[in-house]
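Sequential numbering of the first sequence, starting at 645, is according to this note's numbering. Following: one structure in structure tokens, then a few remarks.
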Amino acid sequence: MTSPLLAGLNAQQLEAITLPHQSVLVLAGAGSGKTRVLTTRIAYLIQSNQASPYSILAVTFTNKAAKEMLTRINAMLPVNTRGMWVGTFHGLCNRLLRAHYQEAGLPQSFQILDTADQLAMIKRIMKRLSVDDKRFPPRQIQWFINHAKEAGQRAADVIVDDPFSRHLLEFYLAYEQQCNREGVADFAELLLRSYELLNRNEILRDHYRERFDHILVDEFQDTNRLQYNWLKLLAGVGTAHAAAVFVVGDDDQSIYAFRGADTGNMKDFERDFAISTIIKLEQNYRSHGNILSAANTLIENNEQRLGKNLWTAEGEGEPIRVYRAFNDTDEASYIVDEIRALHADGVMLSDIALLYRSNAQSRVLEHSLFNASLPYRVYGGMRFFERMEIKHALAYLRLVANPEDDNALLRIINFPARGIGARSLEHLQDVARQQNSSLWEAALLQCGDEINLDTATASNAKSKKGITGFVILIQTLRRDWEHMPLPQIIERVLLHSGLLSHYTTEREGADRLENLHELVNAAISFVHEAEDDSLPAFLAHASLEAGEHQAGGGQDALQLMTVHAAKGLEFHSVFLSGLEEGLFPHDNSLNEIKGLEEERRLMYVAITRARRRLYFTFAQSRMLHGQTRYNIASRFVEEIPKSFLKWIKPSRDISGSGRMSSYDMGAAFSTASVASGEKLFKRTPVADGQWHIGQAVTHAKFGEGVILNYEGSGSEARVQVNFARAGTKWLMLEYAKLTPG
DNA sequence: ATGCAGCAAGTTTTT
DNA sequence: CTTGCTGCAT
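So this is what it looks like as structure tokens:
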């Protein structure tokens, strides 16, 4: 216990870190020092000579987390951590497949399809097979394929019993074949193929089982089936070289079930790995008491839990401030006012987060922040390697590295435009199909002896028109690739492809140009940092690590993001906006119980982001999809005991502030609890005038709700009511027993 | 080949 | 209200 490594740890943290060689489940609550435990465990194993870096494999979900882990370990240990395998599931699988591409049945420079690439590929095959995209939306096919893969199923393994699924299955098969022909792998493929590789190849499996004595997994609650099985296979449970699997997770923070994460993996882990020790990290070092208690009571409403209760040594702190706004604009201006006050009190803007359930909500907030001249940064949206111009540049590079990559060829064969229209393209595709070759080969054939590859140069690529010019261009670049360093190849691609000049002349091309130059910079730093600085390695890097959302932006700025994006972060103050039924919990989640529980976990995550101060805000009316919606407060607000909350009275001068026009006022007072406002309400009468939009009503069966809309009149009159419990319903006025209030 | 009108849809997201 | 896509017209 003398090691400085272990100083300042609590008993449970210490137990987890110093556990002997065995598999363990660590239930780590929000703010309980999860990352610290994980990294300290690794450092401890190495420092105490229980493990060499070479025998350690650590898996995370995001590149950011992987990087963070490495940085921390390096800070704790003077040892060279080079031999360790630390990365995302996909990154590690990629590494495995690159190392054993032959055994895995892949070409050496196989390319990775990101989600957009995959969708493009699917659309392309659909066109070829004349699949009706009305009956089979490409997205759905993509979903089908990815889910099959994540269940470990090849097309041959999927069992279908209805004609519709049979079509999907046929398509899956065609997709599989096309990927193999082109030598490309989508994200799920990386995992599935590397799973199959280890499963099939005993020598490799034994090699890696013997090598990795310690496997550590972060955010285990987010693993899907395939990832779990991959771990299980690699760990070799019950074999002579079984690894000690150290798994850290929090079932209460599982918010990715919608994309396949399966908390059932935690239970299965207990069983499959014969877990005898479950360590719970329940001391929270982040939040004040009230915030934590609110989170605890809220999450207790979920039935599917492993059970855990966070506590803190800190005092109660402040209550959660709850603000009921008249509308979305009013909500935003309240938030602006409070942020100003906090900032004036010395809280850094970057230490304040403004969270929302869905991205669409950021617009109104941004508008107000902009008008208030408060600097802010929005997370989410387009990432660097996903930008169109970057994708174009990368497509050139991909085609250079892999002539079979039809996706890449199609993206750029006529971009920038070089006079290759739809008909020549169709012809090309016909030829390729006939001789069962890549488009590139078809293109080669097409130019025939028009080109002399030996004398082809970038400049005469331009002199030739159409496909011939394109072929010469790629050939030239391909020869450059053989003797030029990566950044220089990219510069040549940008120049000779015509991308640079294209964006120079384009009206709004300045940003895109800048991004293209940034791509060269990215390559330069990649060459400096990566062990393998080849072009295929760079392309894999670009696919696996989509890059930061945007350049840093050094100034102190408020942080805007979805609740999902906030996971893992913490802030002095947190504003949780749009706490309305229908928004949060979101309408679409209410169909299933599991959906609601996930929404509640999302709320739990949101609450536990705050260290000192937490705000709940909601708007009684909100502009959504072009029309005003009337909402009641989220049930989650009511699930939190009143003693933790402090309702803020709208003390501000409503009529004179200019904050609301009298027009808005109509939208403002809508629920029974603001009855005083009813007088000001410019009623939109429904049918007989007894009811009006925005009015609070009670239904014998559905309970309390608010009238959203109506149609028809007389005995035909129907009203749309948003019920607190039952959701939004259309009711015939004549039959529905509605009472005011 | 490009551009615009018209229309449908509209959670959450990493790799 | 937005965005993104399709299809038609130039």
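Cβ atoms here follow ideal geometry from the backbone N, Cα and C, with glycine treated the same way.
Using beta-carbon positions only, say whether A674 and L954 come within less than 8 Å of one another. Reading the first sequence from its first residue, position 30 is the one you call residue 674. Reading the first sequence from its first residue, position 310 is the one you call residue 954. Going by C-beta atoms, A674 is nearer than 8 Å to L954.
Cutting at 8 Å between CB atoms, please list the residues of its own chain near L841, excluding the five before and the five after it. Sequence index remark: in the first sequence, residue 841 carries index 197 (1-based). Around L841: L740, L741, H744, E747, A748, L848.
Beta-carbon proximity check, Y1259 vs L1289, cutoff 8 Å: Along the first sequence, one-based indexing puts residue 1259 at 615. Along the first sequence, one-based indexing puts residue 1289 at 645. Not closer than 8 Å, so no.
In terms of residues, what are the limits of the alpha helix (DSSP H) holding G1239? The residue given as residue 1239 occupies position 595 in the first sequence. Per DSSP, G1239 belongs to the alpha helix (DSSP H) from 1237-1251.
Just reading off the beta strand (DSSP E) that M1205 is part of, what are its end residues? Numbered from its first residue, the first sequence carries residue 1205 at position 561. Start and end: 1202-1206.
Could you check what DSSP says for M992 in three-state terms: helix, strand or coil? Against the first sequence, residue 992 aligns to sequence position 348. Reduced to three states, the DSSP call for M992 is coil.
Just to confirm the assignment, what range does the alpha helix (DSSP H) spanning V723 have? For the purposes of this step, residue 723 is taken as the residue at position 79 of the first sequence. Looking at the DSSP string, V723 is not in any alpha helix (DSSP H), and its letter there is neither H nor E.
Beta-carbon proximity list for T1383, same chain, < 6 Å, skipping 5 on both sides: As a working mapping, residue 1383 is identified with position 739 in the first sequence. Result list for T1383: T1342, in chain order.
Taking the alpha carbon of I785 as the point to measure from, which residue in K767, V802, P1180 has its own alpha carbon closest? Start at 1 with the first residue of the first sequence, and residue 785 comes out as number 141. Checking every option, the nearest Cα to that of I785 belongs to K767.
Would the beta-carbon of L671 fall within 8 Å of that of G893? Taking the first residue of the first sequence as position 1, residue 671 is located at position 27. Taking the first residue of the first sequence as position 1, residue 893 is located at position 249. Yes, Cβ-Cβ distance for L671 and G893 is below 8 Å.
In the structure shown, what three-state DSSP assignment does I756 receive? Translated into positions along the first sequence, residue 756 becomes position 112. DSSP places I756 in strand when its eight states are reduced to three.
First through last residue of the beta strand (DSSP E) which encompasses T867: The count along the first sequence starts at 1 and reaches residue 867 at position 223. Counting along the chain, T867 falls outside any beta strand (DSSP E), and DSSP gives it neither H nor E.
Look at the Cβ atom of A1263, then the Cβ atom of D972, and state whether they are nearer than 8 Å. Here residue 1263 corresponds to residue number 619 of the first sequence, with the count starting at 1. Here residue 972 corresponds to residue number 328 of the first sequence, with the count starting at 1. In contact: A1263 and D972 (Cβ atoms closer than 8 Å).
On the premise that I935 lies in contact with I964, defined as a C-beta separation below 8 Å, what is that separation, rounded to the nearest angstrom? As a position in the first sequence, residue 964 is number 320, starting the count at 1. As a position in the first sequence, residue 935 is number 291, starting the count at 1. At roughly 7 Å, the Cβ-Cβ gap stays under 8 Å, so I964 and I935 are in contact.
Please say whether F705 and D862 have beta carbons closer to each other than 8 Å? Taking the first residue of the first sequence as position 1, residue 862 is located at position 218. Taking the first residue of the first sequence as position 1, residue 705 is located at position 61. The answer is yes: Cβ separation under 8 Å.
If we count the other Cβ atoms within 10 Å of its Cβ and call it buried at 16 or more, is I1284 buried or exposed? Counted from its first residue, the first sequence places residue 1284 at position 640. Result: buried.
Boundaries (first-last residue) of the alpha helix (DSSP H) holding V1075: To locate residue 1075, count along the first sequence from 1; it is residue 431. Segment 1066-1078, the alpha helix (DSSP H) holding V1075.
Using the rule of at least 16 other Cβ atoms within 10 Å of the residue's Cβ for burial, across every protein chain shown, is I717 buried or exposed? Taking the first residue of the first sequence as 1, we reach residue 717 at position 73. Buried.
Following the continuous beta strand (DSSP E) through A792, name the residue where it begins and the one where it ends. Counting from one through the first sequence, the residue named residue 792 turns up at place 148. Careful: A792 lies outside any beta strand (DSSP E), inside the alpha helix (DSSP H) at 782-794.
Using the Cβ count rule (16 or more neighbours within 10 Å means buried), how would you classify F1346? On the first sequence, position 702 is the one that residue 1346 refers to. Buried, because 16 or more other Cβ atoms sit within 10 Å of the Cβ of F1346.
Just to confirm, is the Cβ distance from P1019 to D1200 under 8 Å? The count along the first sequence starts at 1 and reaches residue 1019 at position 375. The count along the first sequence starts at 1 and reaches residue 1200 at position 556. Yes, these two residues count as a Cβ contact at 8 Å.
Answer yes or no: do V1281 and L999 have a C-beta to C-beta separation smaller than 8 Å? Position 637 of the first sequence, counted from the start, is the residue given in the question as residue 1281. Position 355 of the first sequence, counted from the start, is the residue given in the question as residue 999. Not a contact, by the Cβ cut-off of 8 Å.
A760 vs M728 beta-carbon contact at 8 Å: Translated into positions along the first sequence, residue 760 becomes position 116. Translated into positions along the first sequence, residue 728 becomes position 84. In this structure, M728 does not lie closer than 8 Å to A760 by Cβ.
Identify the continuous alpha helix (DSSP H) that holds R1122 and give its terminal residues. On the first sequence, position 478 is the one that residue 1122 refers to. Its alpha helix (DSSP H) spans residues 1110-1127.
Is it the case that the Cβ atoms of K629 and D866 are separated by a distance below 8 Å? Outside the shown range of the chain, which is 645 to 1385, sits residue 629, and nothing can be said about it.
From the DSSP output, in three-state form, read off F856 for me. Your numbering for residue 856 matches position 212 in the first sequence. The answer is coil: DSSP assigns F856 none of H, G, I, E or B.
Contacting residues, own chain, Cβ-Cβ under 8 Å from D1297 (five flanking each side not counted): Counted from its first residue, the first sequence places residue 1297 at position 653. With a pLDDT of 45 at D1297, under the threshold of 50, the predicted position of this residue should be treated as unreliable, though the coordinate-derived value follows. Same-chain partners within the cutoff: there are none.
Three-state class that DSSP yields for S1217 in the structure shown: On the first sequence, residue 1217 is found 573 positions in, with the first residue counted as 1. The answer is strand: DSSP assigns S1217 an E or B state.
Among R726, E1242, Q1073, W1084, the one whose alpha carbon lies nearest that of L1053: For the purposes of this step, residue 1053 is identified with residue 409 of the first sequence, where counting begins at 1. When each option's Cα is compared against that of L1053, the closest is W1084.
Please classify P664: does DSSP put it in a helix, a strand, or coil? Position 20 of the first sequence holds residue 664. If DSSP states are grouped into helix, strand and coil, P664 belongs with coil.
Mind checking which residues open and close the beta strand (DSSP E) that includes F890? Residue mapping note: residue 890 aligns to position 246 of the first sequence, counting from 1. Segment 888-893, the beta strand (DSSP E) holding F890.
Taking the C-alpha atoms as reference points, what is the distance between A1311 and S1265? Locating residue 1311 in the first sequence gives position 667, where the first residue counts as 1. Locating residue 1265 in the first sequence gives position 621, where the first residue counts as 1. Residue placement at A1311 is poorly supported in this model, since its pLDDT is 33, which falls under 50; the coordinates still yield a value, given next. Computed Cα separation, rounded: 6 Å.
What number of angstroms, rounded off, separates the C-alpha of L1375 from the C-alpha of A764? For this step, residue 1375 is matched to residue 731 along the first sequence. For this step, residue 764 is matched to residue 120 along the first sequence. Cα to Cα, L1375 sits roughly 43 Å from A764.
Roughly how many whole angstroms lie between the Cα atoms of S814 and V804? Position 170 of the first sequence, counting from 1, holds the residue named residue 814. Position 160 of the first sequence, counting from 1, holds the residue named residue 804. Looking at the sequence itself, residue 814 is Glu, so the reference to Ser does not match. In a straight line, the C-alpha of E814 is about 11 Å away from that of V804.
What's the C-alpha gap between Q657 and P648? Mapped onto the first sequence, residue 657 falls at position 13. Mapped onto the first sequence, residue 648 falls at position 4. Their Cα atoms are separated by approximately 14 Å.
Beta-ladder partner(s) of R1021, from DSSP: One-based indexing of the first sequence puts residue 1021 at position 377. According to DSSP, R1021 bridges with Q1203.
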